[in-house]
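Okay, so here's the structure we're looking at.
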Amino acid sequence: MTDQTPASAPHKRTIDAVNASLKRRRAKERRFRRLGAAAVALGLLFVALLFADIVGKGHTAFQQTYIKLPVVLERAQIDPEGSGSAEVIARANYLGIIRAALRAHFPEVTARRDKRALYQMVSVGAPQLLRDRVLADPALIGTTAEVWLLADDDIDMVVKGQIDRTLPESKRRVKDQTLGWIERLESEGRITKRFNTIFFTNGTSREPELAGIAGALAGSFYTLALTLLLSFPIGVGAAIYLEEFAPKNRWTDLIEVNINNLAAVPSIVFGLLGLAVFIGIFGVPRSTPLVAALVLTLMTLPTIIISSRAALKSVPPSIREAALGVGASSLQTQFHHVLPLALPGMLTGAIIGMAQALGETAPLLMIGMIAFIVDVPAGFTDPATVLPVQIFLWADSPERAFVERTSAAIMVLLAFLILMNLAAVLLRRRFERRW
Amino acid sequence: MTESINPPITDLARGHTVSRYDQELAKLRGIILEMGEHVVEQIQAAVSALVSREENLAFRVLDREPQVDFLALDADEEVFRVIARRQPTAIDLRIVLALSKIAGDVERAGDKAARIARQSIELDALGGGEDLLSPRLRAALSTLDACACCMFERGISGVARFDVRIALDIFEREPALYEASHAVRALLSDAEQEGLSARQTVCVLTSAHALERIGNHAANIAEQVIYVAEGQDVRFRNREILIETLRHRTL
Amino acid sequence: MITTVEEIQRSTSTAMRSGELARVRESRETVGDYSVPDARMRCRDIEVWYGDKRAIHGVNLDLGRNEVLSMIGPSGCGKSTFLRCLNRMNDTIDGCRVSGSIQLDGEEIYDRALDPVPLRARVGMVFQKPNPFPKSIYENVAYGPRIHGLTTSKAELDALVETSLRKAGLWDEVKDRLEAPGTGLSGGQQQRLCIARTIAVSPEVILMDEPCSALDPIATAIIEELIDELRANYSIAIVTHSMQQAARVSQRTAYFHLGDLVEVGETNQIFTNPQHRLTEDYITGRFG
């Protein structure tokens, strides 16, 4: 056919034109795909860098250095009357005992200044730990026990290699003398690293080796629980009203615009609002989970309302019609049919809102959550701090040992965020219905 | 281009949205019209064979008769096809049903033409000469023929236009048809005066009867025309009242 | 002799014009008798407005007892809107106003004092797309009776579910899997489930909005057979796009055109000899 077509009358067939442009189109498509893949790869790279940095810095915080010393627990010093009562045992001078043990192990140290340096090798929290140990096991009294004593953070840093031993003495925090003691203890096998339980059981502290995230975790837990309790019902209720019952007029339009705007308001503004309204006018105690939850509720409400409305919108109108058609009232239609179908979407929105609230710092600074609180809070009205604020505080601390703790706390926070997002995905998978 | 002229909401002459449907209906009607054309020729040929005693003409009529039958089969097939494929409704349904019945009437009118031709051949076989029929009888037969043929031709044009006025015209001619038929019978009742044998009389009578039947078929076609146009089945109505009603309407 | 299509078409139009005295051509008054003696529902001067747009202009139409009334017409002619007035389903649409009088057994349904919720139990509705609840088959049927408190015991409810499914011709197909999800059924079964759900609350009238438009011909035939059986106990109003379906299932047919009820009459008459030119155009397929 084509051979017979005279050259003078070139008849351009569609397929030729298509073939001609096909190569260009394919190339365009390939370029676009590569660009997309590159963008994703870049994003992943940065996430990986972030994680590597945090994990690299923080993983050492999960271990803590201990020094083993023979400690003489004389009965006369601890429980002279042999009463065995916990009160008496608790009142004994464990600091003296530990110092005695140190002196006994390093008899060559005599100068007053050197002794002080020697005493500083052990954490200021060590006496209390020793007391707890003796209280737990009174049989130790009257013996000489080999006891693992919590080391000071500087010693910890040296042992973990965070402080370079080769630097000239003037450029590092640990003096040559102390370094010599450490090396001696190491050679005697009297220094070891153990899993850092203190990090998970203690509140914060000025001493890095005694600082933990338990207080911040408890604070975050109380705050989030209350936030969820407040924001989910209010948010879902508002969404249902706006989506299903509210008349469509200028007022509801205005409300809708404002909700969308609220979602974009910088979070610190909510903190100022909380400070002025909740603390200033209503007198809610400052730096408590209660006030934090109120502020975070305000902040997460737009997110929850918007996602709940989207979830309600995605329920096909045929379900509403079906329910209305058999004579269900509007409320019955909502609660029997629409809400169960929209719930997974709403929960997802709520969890994402909660995750956002979990990571929020700025507004909480304004309402006093930045206060230094050592005790683990036991209720909604106890002064508390929360995880992200704790991270902020530690990041601000000068001690070298707080750097790794900051990273460790970030790891814990990230773990919780990932868990919550995972829960959101699972909930969606589990309850999402197809029709 | 801003000015848009609103056409009348619908115009029937525009035809169906599916133009193929129109073509099928047109084909069906074309077949019926062709049949009608054939049958008119057949009748004219048969009657002139009878009246002017031309045997060849009569044979030609018999030869051509199957053509009409074949067309009738075609028409039936087309009717089935339209019904099966298009499920006609309203006027389309009436047109298809009416054409189906009209096809039957036209085909039977064709049979009547053949019957007349056969009577003509039989008269020849009985040895009738060219002047077998008296001028009186010839004249009466011609009147009857003219009447029946005219009605039938009008019936066919009614199929082409489905016009109530044509149908009315046919109904109005019916009395004349019966009168002409009666005149032929009256002449034949006095057969001896005409100089015809009993056999010959029967032949002429049968022919006259066939002509009258052709007129009846034309009237049947007219009834179908009214059915299409008006949607009313007028087959067994009192003719005179019907004519009055139609006259009143078409005024 | 005439043989070309054009000539034949021209002659057809002549045929129609010759009958123009008998046929209504342009009038927007309803042709045919819209009233029936002892009507179940009586609609007078119904006007429906969507905002400033008038969707239905003064329609009068009755729905008789034990009859199937079909409503046909081109898209946007207001037939579905009209149907949705009959159980106040239009109330859910913002900016929709209905004026005129609709009586169900002599009772004004647009009366301010009347609650639309019990009304919708009396005037049930089956929708275009089968829309069973995403629950079990049993729950789908039991939902209506349960919220209206029609039964007092579980056994009674079971019996009602069975009767409803039987009436909808679905019982034999689903009796072994009443706990299976209703959405797992085939399209036709789902639509019959929706019908069962509707008749479970024993309505007086059933409205159907293109109930077969999403179904295959066999499922459609089953539903049509069902509609014919249901006629013994209910009044049925059905909107359909399929003229053949209207012709098959209904006793009376109403033709809507741009918000007007153009013609109403016996289905037999509408489909063989419609009186209004618009009706004829629509049902013979001459509609632009």
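Chains as they are written, first to last, in full-length UniProt numbering: chain A, 1 to 435; chain B, 1 to 251; chain C, 1 to 288.
The beta-carbon is built from N, C-alpha and C at its ideal position, and this holds for glycine as well.
Just so we're clear, the structure is a prediction, and the values are computed from it rather than from any experiment.
Which chain C residues are close to A:SER314, counting only those with a beta carbon under 8 Å from its beta carbon?
-> Against chain C, a Cβ distance below 8 Å from A:SER314 picks out nothing, because the smallest value is about 13 Å.
How would you call A:HIS105, buried or exposed, if buried means at least 16 neighbouring beta carbons within 10 angstroms?
-> Taking every protein chain shown into account, the CB of A:HIS105 has 16 or more other CB atoms within 10 angstroms, so this residue is buried.
In whole angstroms, what separates the C-alpha of B:SER100 from that of B:ARG29?
-> Cα atoms of B:SER100 and B:ARG29: separation of roughly 10 Å, rounded to the nearest angstrom.
Answer with buried or exposed for residue 466 of chain A, where buried requires no fewer than 16 other C-beta atoms within 10 angstroms of its C-beta.
-> Because residue 466 of chain A is not part of the residues shown, which for chain A are 1 to 435, the question remains open.
Of the choices A:ASP79, A:LEU44, A:ALA126 and A:LEU226, whose alpha-carbon is the least far from that of A:PRO138?
-> Checked all of A:ASP79, A:LEU44, A:ALA126 and A:LEU226; the closest Cα to A:PRO138 is A:ASP79.
For chain C, find out if any of its Cβ atoms is closer than 8 Å to the Cβ of B:VAL18; answer yes or no.
-> Output row for B:VAL18: interface = yes.
How many Å lie between A:GLN162 and A:LEU35 at the Cα?
-> Each residue's Cα considered, the two are about 41 Å apart.
Using 8 Å as the limit for Cβ to Cβ distance, is B:ILE43 near chain C?
-> Cβ-Cβ to chain C under 8 Å: no for B:ILE43.
What is the rounded straight-line gap between the Cα of A:ALA48 and the Cα of A:THR192?
-> Cα-Cα distance, rounded: 31 Å.
Measure from the alpha carbon of A:ILE370 to the alpha carbon of each residue in A:THR333, A:LEU312 and A:PRO289, then state which is nearest.
-> Cα-wise, what sits closest to A:ILE370 is A:PRO289.
Are the C-beta of A:GLN64 and some C-beta of chain C separated by less than 8 Å?
-> False, the Cβ-Cβ gap to chain C never drops below 8 Å.
Alpha carbon of B:ARG199 to alpha carbon of B:LEU188, nearest angstrom = Rounded to the nearest angstrom, the gap between the Cα atoms of B:ARG199 and B:LEU188 is 12 Å.
Between the stretch 403-417 of chain A and the stretch 313-323 of chain A, do three or more beta carbon pairs fall short of 8 Å?
-> In this structure the stretch 403-417 of chain A does not touch the stretch 313-323 of chain A; the number of beta carbon pairs closer than 8 Å is below three.
With a CB to CB cut of under 6 Å and the five nearest residues on each side skipped, what residues in its chain are close to C:GLY265?
-> Here the set comprises GLY32.
Report the residues of the stretch 322-339 of chain A with a CB closer than 9 Å to any CB of chain C, ordered along the chain.
-> Correct list: ALA322, ALA323, LEU324, GLY325, VAL326, GLY327, ALA328, SER329, SER330, GLN332, HIS336 and HIS337.
Is the beta carbon of A:ARG133 less than 8 Å from the beta carbon of A:VAL147?
-> A:ARG133 is a Cβ neighbour of A:VAL147, given a cutoff of 8 Å.
Would you kindly check if the distance between the Cβ of B:ALA208 and the Cβ of C:GLU280 is under 8 Å?
-> Not a contact, by the Cβ cut-off of 8 Å.
Answer yes or no: do B:VAL61 and B:ALA49 have a C-beta to C-beta separation smaller than 8 Å?
-> Contact check for B:VAL61 against B:ALA49 passes: the beta carbons are separated by less than 8 Å.
Give the straight-line distance between the Cα atoms of A:ALA423 and A:THR348, rounded to the nearest whole angstrom.
-> In this structure, the straight-line span from the alpha carbon of A:ALA423 to that of A:THR348 is close to 8 Å.
Looking at the structure shown, is A:ALA415 part of a helix, part of a strand, or coil, going by DSSP?
-> Helix at A:ALA415.
Could you list which residues in chain A have their beta carbon closer than 8 Å to that of C:PHE133, in chain order?
-> The answer, in chain order, is ILE319, ALA322, ALA323 and HIS337.
Identify every residue that forms a DSSP beta bridge with A:VAL72.
-> DSSP, once it has assigned bridges, lists A:THR144 as partnering A:VAL72.
Through-space distance from C:LEU61 to C:LEU21, alpha-carbon basis = Unreliable placement is indicated for C:LEU21, whose pLDDT of 37 sits below 50; the coordinate value is still reported in the next sentence. When rounded, the distance between both Cα atoms is 26 Å.
Strand pairing of C:TYR50, partner residues [DSSP] | In the DSSP output, where bridge partners are listed per residue, C:TYR50 has C:LYS53 and C:CYS96.
From A:THR227 to A:ILE305, what does the alpha carbon distance come to, in whole angstroms?
-> Distance from the CA atom of A:THR227 to the CA atom of A:ILE305, rounded to whole angstroms, is 14 Å.
When the cut-off is 8 Å and only beta carbons count, does C:VAL48 lie next to chain A?
-> No - not a single Cβ of chain A is within 8 Å of the one on C:VAL48.
Contacts that B:GLY155 makes with chain C (C-beta to C-beta distance below 8 Å) | Residues of chain C whose Cβ lies closer than 8 Å to the Cβ of B:GLY155 do not exist, since the nearest Cβ in that chain is about 14 Å away.
For the putative contact between C:THR151 and C:LEU160, defined by C-beta atoms under 8 Å, what is the C-beta separation to the nearest angstrom?
-> The distance from the Cβ of C:THR151 to that of C:LEU160 is about 6 Å, consistent with a contact at the 8 Å cut-off.
Where does the unbroken beta strand (DSSP E) through C:TYR255 begin, and where does it stop?
-> Residues 252-257.
Have a look at B:THR17, B:VAL40 and B:ALA72 and flag the residue whose alpha-carbon is nearest the alpha-carbon of B:ILE31.
-> That would be B:ALA72, whose Cα lies nearest to the Cα of B:ILE31.
Span separating the alpha-carbon of B:GLN87 from that of C:ARG248 | Their Cα atoms are separated by approximately 13 Å.
B:ILE170 to B:GLU34 span [Cα, whole Å] = Rounded to whole angstroms, B:ILE170 to B:GLU34 spans 20 Å at the Cα level.
In the structure shown, what three-state DSSP assignment does A:GLU399 receive?
-> Coil, per DSSP.
Under 8 Å by beta carbon: chain C residues contacting B:ALA72 = The premise fails here: B:ALA72 is roughly 17 Å from chain C at the closest Cβ pair, so nothing lies under 8 Å.
Chain A partners of C:PRO118, CB-CB under 9 Å?
-> From the beta-carbon of C:PRO118, the residues of chain A found nearer than 9 Å are GLY327.
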